[in-house]
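Engineer:
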Amino acid sequence: MQSIISIFVKSVFVDNMIFAYFLGMCTFIAISKEVKAAFSLGVAVIVALTVTVPLNWIFYHYFLAEGALAWTGIEALATIDLSFLGLLTYISIIAAFIQLLEMIVEKYYPSLYNTLGIFLPLLAVNCAILAGSLFMVGRPYNLAEATAYGAGSGVGWFLAITSLAALREKIKYSNVPAPLRGVGITFILIGLMAFGYLSFIGFTI
Amino acid sequence: MKEFFRKKLEITRPYFEKGGKFEKFRSTYDAFSTFMFVPGHTTNSGTHIKDGIDLKRSMMTVIIALFPALLFGMWNVGLQHFRAVGIEATFMQQFSYGIMQVLPIIIVSYAVGLGIEFIFAQLRGHSVNEGYLVTGMLIPLILPPTIPLWMVAVGSAFSVIIGKEVFGGTGMNVLNPALTARAFLFFAYPVSMSGDIWIAGKPDAYSGATILADIASATPSHYSTWDIFLGTIPGSIGETSTLACLIGAIILGVTGIGSWKIMVSVFAGGFLMGTLMNLMPGGNAFMQYPAWEHLIIGGFAFGAIFMATDPVSASQTEKGKVIYGLLIGILTIMIRAWNPAYPEGMMLSILLMNVFAPFIDHYVVEANKKRRLSRAKTY
Numbered sequence: 000m001q002s003i004i005s006i007f008v009k010s011v012f013v014d015n016m017i018f019a020y021f022l023g024m025c026t027f028i029a030i031s032k033e034v035k036a037a038f039s040l041g042v043a044v045i046v047a048l049t050v051t052v053p054l055n056w057i058f059y060h061y062f063l064a065e066g067a068l069a070w071t072g073i074e075a076l077a078t079i080d081l082s083f084l085g086l087l088t089y090i091s092i093i094a095a096f097i098q099l100l101e102m103i104v105e106k107y108y109p110s111l112y113n114t115l116g117i118f119l120p121l122l123a124v125n126c127a128i129l130a131g132s133l134f135m136v137g138r139p140y141n142l143a144e145a146t147a148y149g150a151g152s153g154v155g156w157f158l159a160i161t162s163l164a165a166l167r168e169k170i171k172y173s174n175v176p177a178p179l180r181g182v183g184i185t186f187i188l189i190g191l192m193a194f195g196y197l198s199f200i201g202f203t204i
Numbered sequence: 000m001k002e003f004f005r006k007k008l009e010i011t012r013p014y015f016e017k018g019g020k021f022e023k024f025r026s027t028y029d030a031f032s033t034f035m036f037v038p039g040h041t042t043n044s045g046t047h048i049k050d051g052i053d054l055k056r057s058m059m060t061v062i063i064a065l066f067p068a069l070l071f072g073m074w075n076v077g078l079q080h081f082r083a084v085g086i087e088a089t090f091m092q093q094f095s096y097g098i099m100q101v102l103p104i105i106i107v108s109y110a111v112g113l114g115i116e117f118i119f120a121q122l123r124g125h126s127v128n129e130g131y132l133v134t135g136m137l138i139p140l141i142l143p144p145t146i147p148l149w150m151v152a153v154g155s156a157f158s159v160i161i162g163k164e165v166f167g168g169t170g171m172n173v174l175n176p177a178l179t180a181r182a183f184l185f186f187a188y189p190v191s192m193s194g195d196i197w198i199a200g201k202p203d204a205y206s207g208a209t210i211l212a213d214i215a216s217a218t219p220s221h222y223s224t225w226d227i228f229l230g231t232i233p234g235s236i237g238e239t240s241t242l243a244c245l246i247g248a249i250i251l252g253v254t255g256i257g258s259w260k261i262m263v264s265v266f267a268g269g270f271l272m273g274t275l276m277n278l279m280p281g282g283n284a285f286m287q288y289p290a291w292e293h294l295i296i297g298g299f300a301f302g303a304i305f306m307a308t309d310p311v312s313a314s315q316t317e318k319g320k321v322i323y324g325l326l327i328g329i330l331t332i333m334i335r336a337w338n339p340a341y342p343e344g345m346m347l348s349i350l351l352m353n354v355f356a357p358f359i360d361h362y363v364v365e366a367n368k369k370r371r372l373s374r375a376k377t378y
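Chains A and B, in that order, give the protein sequences. Read in order, the letters of the first sequence correspond to residues 0 to 204 in numbering that gives the first Met the number 0. Read in order, the letters of the second sequence correspond to residues 0 to 378 in numbering that gives the first Met the number 0.
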């Protein structure tokens with residue numbers, strides 16, 4: 000239990016997908032113009048990470064890893080190492096799940112569906128979501144820890160995008176030099192935000 | 000003398016008006032004339048609240064509130080120096096040594112910061128704001144007395160350009176500019192910003208560790224609680240004395256320039272987290288350190304009173320201010336106890352909450368809207 004909490008807190012703050020790894024930047028910058036949209040996209044990322052990371056964990060540990068197929072009982076399969084198929088498998092699972100998510104959102108929240116536009120299907124290729132699965136495989140997590148890790152990474156991403164959106168709503172009234180308006184000032188803003196997030200680097204819980 | 004300046008300003012005014020010879024230097028002219036005299040321009044539309052307070056006045060109040068900390072800091076720099084070298088010195092000797100150390104830092108900070116601000120004002124055609132008068136005073140107060148002057152210059156330049164001017168100048172920045180300068184220096188030049196640097200002109204053998212460093216290395220501190228409260232301890236120039244900071248807090252609180260809600264809630268948050276940690280079994284030295292003493296060591300009081308209350312980067316809503324303050328206090332103690340990478344958490348926790356302040360505000364406003372909508376009846 001202790002390790003699950005610690006993994007969750009660590010993945011929210013210390014190993015933040017945005018400020019520690021700079022992953023998922025394209026959607027992070029594109030959808031952070033207003034808090035409402037950023038909030039919903041953040042929730043979508045939380046859901047996607049919380050579901051796909053444990054799904055991929057199951058796939059990795061029962062099909063792909065070396066000796067993972069031993070449960071079939073067939074001798075020839077017991078030594079097979081399919082981990083080279085990892086990237087391909089993860090991305091397909093993520094894509095399938097995002098497709099499902101998209102259908103649900105379209106059916107039940109049509110206004111949200113229109114706000115997010117192309118970025119909802121594009122979540123399938125969001126680096127932060129793929130990275131969640133790739134990092135998970137490299138670490139000795141069990142299923143519960145992998146779920147905590149996925150959820151934590153999602154919450155970290157959610158906090159980052161909503162706070163950036165709130166900041167961008169605030170600086171709407173700022174007199175930013177013309178050449179910097181838009182993406183330029185957003186990059187500077189993200190750099191300054193990273194200052195704040197530095198407070199967690201080196202945290203030991 | 001006063002008449003002389005006024006006359007000179009009046010005579011030269013036409014040159015700076017639109018179409019005049021020095022039209023480009025309008026904002027420089029404005030800055031000087033309004034710095035010395037009450038601005039002559041009035042609003043020309045709508046009804047406004049009548050009040051003598053303006054940006055200049057409020058900034059001057061902050062400077063006055065900073066004076067106890069500044070004067071104490073100057074004296075303390077001298078005191079620590081003579082204590083370290085082991086020479087008996089009179090009060091005046093200590094004070095004058097301190098002035099010799101601190102004044103150059105202040106001059107460099109103002110010269111560089113205001114210089115850049117004037118250049119930006121000329122180029123972009125906005126007026127020179129007084130925001131830097133406070134920032135330029137805060138930057139020296141949160142630096143160690145041994146800081147090389149060129150670093151002060153680099154730090155001030157970074158905070159004015161990246162921290163403020165790219166957003167359009169005073170009132171439009173997102174992070175506290177003084178803390179931006181300190182954080183920049185802290186991460187760019189860690190050697191000059193941490194370790195054995197807290198006493199000016201110190202012989203190598205004398206240990207100049209701060210209280211925070213003493214706790215971290217489990218050295219029994221030879222300073223009494225009273226010393227810590229008064230501030231006769233090594234540390235950044237202006238932050239050591241909780242007493243001087245509290246005098247500043249009274250000035251800011253009474254005049255309403257600094258939000259007392261933020262100050263109180265930062266202290267409350269720190270105390271709360273400190274008490275919680277005291278109750279936890281085991282834990283490191285910081286967790287066992289008495290909660291109320293957490294509030295007087297390091298930069299806690301200075302940060303709570305002068306940094307967290309910065310009206311631009313703090314939360315704007317009343318409820319938001321309390322949440323913002325509590326989180327700063329809690330986070331500071333957490334960083335002290337659980338993050339061995341940094342000796343002090345105040346700077347980074349304020350910066351982090353600056354990042355989250357608009358986020359808090361947004362949800363406070365949303366909650367208000369919802370509550371008021373629920374009260375409205377629809378027929």
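Built from N, CA and C at the ideal position, the CB exists for glycine as well.
Straight-line CA distance for residue 192 (chain B) to residue 104 (chain B)?
Structural biologist: When rounded, the distance between both Cα atoms is 15 Å.
Engineer: Counting only C-beta atoms, is residue 254 (chain B) closer than 9 Å to chain A at any point?
Structural biologist: Chain A contact via Cβ: absent.
Engineer: Relative to the C-alpha of residue 345 (chain B), which candidate in B:137, B:298, B:109 has its C-alpha closest?
Structural biologist: That would be B:298, whose Cα lies nearest to the Cα of residue 345 (chain B).
Engineer: Please list the segments of the alpha helix (DSSP H) lying wholly inside the region 81–108 of chain A, counting only runs of 4 or more residues, in order along the chain.
Structural biologist: Complete alpha helix (DSSP H) runs here, min 4: 85–107.
Engineer: Residues of chain A with CB under 7 Å from residue 348 (chain B), in chain order?
Structural biologist: Neighbours of residue 348 (chain B) on chain A, chain order: 198.
Engineer: Report the rounded CA-to-CA distance for residue 48 (chain A) versus residue 20 (chain A), giving the unit in angstroms.
Structural biologist: Taking the straight line from one Cα to the other gives about 16 Å.
Engineer: If we cut at 9 Å on Cβ distances, does residue 99 (chain B) have a partner in chain A?
Structural biologist: Chain A, which has no Cβ nearer than 9 Å to the Cβ of residue 99 (chain B), makes this no.
Engineer: At what residues does the alpha helix (DSSP H) containing residue 122 (chain A) begin and finish?
Structural biologist: Per DSSP, residue 122 (chain A) belongs to no alpha helix (DSSP H) and is neither H nor E.
Engineer: Checking 9 Å against the spacing of the C-beta atoms, do residue 236 (chain B) and residue 139 (chain B) come in under that value?
Structural biologist: Yes; because the gap between Cβ atoms is below 9 Å, this pair is in contact.
Engineer: For residue 232 (chain B), which of B:160, B:114, B:210 has the nearest alpha-carbon?
Structural biologist: When each option's Cα is compared against that of residue 232 (chain B), the closest is B:210.
Engineer: Pull out every residue of the region 349–375 of chain B whose Cβ sits closer than 9 Å to any Cβ of chain A, in chain order.
Structural biologist: Hits within the stretch, in order: 349, 350, 351, 352, 353, 354, 355, 356, 357, 358, 359, 360, 361, 362, 365.
Engineer: Do you know offhand how far residue 245 (chain B)'s Cα is from residue 253 (chain B)'s?
Structural biologist: For residue 245 (chain B) and residue 253 (chain B), the distance between alpha carbons rounds to 12 Å.
Engineer: Note down, in chain order, every chain A residue with its Cβ under 8 Å from the Cβ of residue 67 (chain B).
Structural biologist: The premise fails here: residue 67 (chain B) is roughly 29 Å from chain A at the closest Cβ pair, so nothing lies under 8 Å.
Engineer: Using only alpha-carbon positions, find the residue among B:332, B:142, B:353 that is nearest to residue 309 (chain B).
Structural biologist: Among B:332, B:142, B:353, the Cα nearest to that of residue 309 (chain B) is on B:353.
Engineer: Look at residue 248 (chain B) and residue 255 (chain B) and say whether their C-beta atoms are less than 9 Å apart.
Structural biologist: Taking 9 Å as the Cβ cut-off, residue 248 (chain B) and residue 255 (chain B) do not qualify as a contacting pair.
Engineer: At a Cβ cut of 9 Å, what residues of the region 145–165 of chain B count as close to chain A, listed as they run along the chain?
Structural biologist: Against chain A - using a Cβ distance shorter than 9 Å - the residues of the region 145–165 of chain B are 161, 162, 164, 165.
Engineer: Give the residues from the region 47–63 of chain A that approach chain B closer than 7 Å (Cβ to any Cβ), ordered along the chain.
Structural biologist: From the region 47–63 of chain A, no residue has a Cβ closer than 7 Å to chain B.
Engineer: Following the continuous alpha helix (DSSP H) through residue 149 (chain B), name the residue where it begins and the one where it ends.
Structural biologist: That run of the alpha helix (DSSP H) goes 148–160.
Engineer: Might you give, ordered along the chain, the residues of its own chain that have their beta carbon closer than 8 Å to the beta carbon of residue 189 (chain B), omitting 5 neighbours on each side?
Structural biologist: None.
Engineer: Select from the region 24–50 of chain A all residues with a C-beta closer than 8 Å to any C-beta belonging to chain B, and list them in chain order.
Structural biologist: Those residues of the region 24–50 of chain A that come within reach of chain B (Cβ to Cβ, closer than 8 Å) are 34.
Engineer: Which value, in whole angstroms, describes the spacing of the CA atoms of residue 127 (chain B) and residue 114 (chain B)?
Structural biologist: Their backbone Cα atoms lie some 11 Å apart in a straight line.
Engineer: Within the same chain, show all residues whose beta-carbon is closer than 8 Å to that of residue 63 (chain B), passing over the 5 residues directly before and after it, in chain order.
Structural biologist: Within the same chain, residue 63 (chain B) has close Cβ partners 250.
Engineer: Scan the region 104–122 of chain A for residues whose Cβ lies nearer than 7 Å to a Cβ of chain B and list them as they occur along the chain.
Structural biologist: Of all residues in the region 104–122 of chain A, none has a Cβ within less than 7 Å of some Cβ in chain B.
Engineer: I want to see whether chain A comes within less than 9 Å of residue 123 (chain B), judged by CB atoms only; does it?
Structural biologist: Closer than 9 Å to some Cβ of chain A, the Cβ of residue 123 (chain B) qualifies, so yes.
Engineer: Exposed or buried, residue 221 (chain B), counting other C-beta atoms within 10 Å across all chains shown (16 or more means buried)?
Structural biologist: By the 10 Å Cβ count, residue 221 (chain B) comes out exposed.
Engineer: Going by the CB atoms, is the gap between residue 265 (chain B) and residue 325 (chain B) shorter than 9 Å?
Structural biologist: In this structure, residue 265 (chain B) lies closer than 9 Å to residue 325 (chain B) by Cβ.
Engineer: So which residues on chain B does residue 279 (chain A) lean against when the C-beta distance must stay under 8 Å?
Structural biologist: Nothing in the structure corresponds to residue 279 (chain A), since chain A is present only between 0 and 204.
Engineer: I want to know whether the region 136–156 of chain A touches the region 67–79 of chain A - three or more CB-CB distances under 8 Å.
Structural biologist: They do not touch, by the three-pair rule.
Engineer: Select from B:26, B:159, B:98, B:59 the residue whose C-alpha is nearest the C-alpha of residue 144 (chain B).
Structural biologist: The option with the nearest alpha carbon to residue 144 (chain B) is B:98.
Engineer: Does residue 17 (chain A) come within less than 9 Å of chain B when only Cβ atoms are used?
Structural biologist: Output row for residue 17 (chain A): interface = no.
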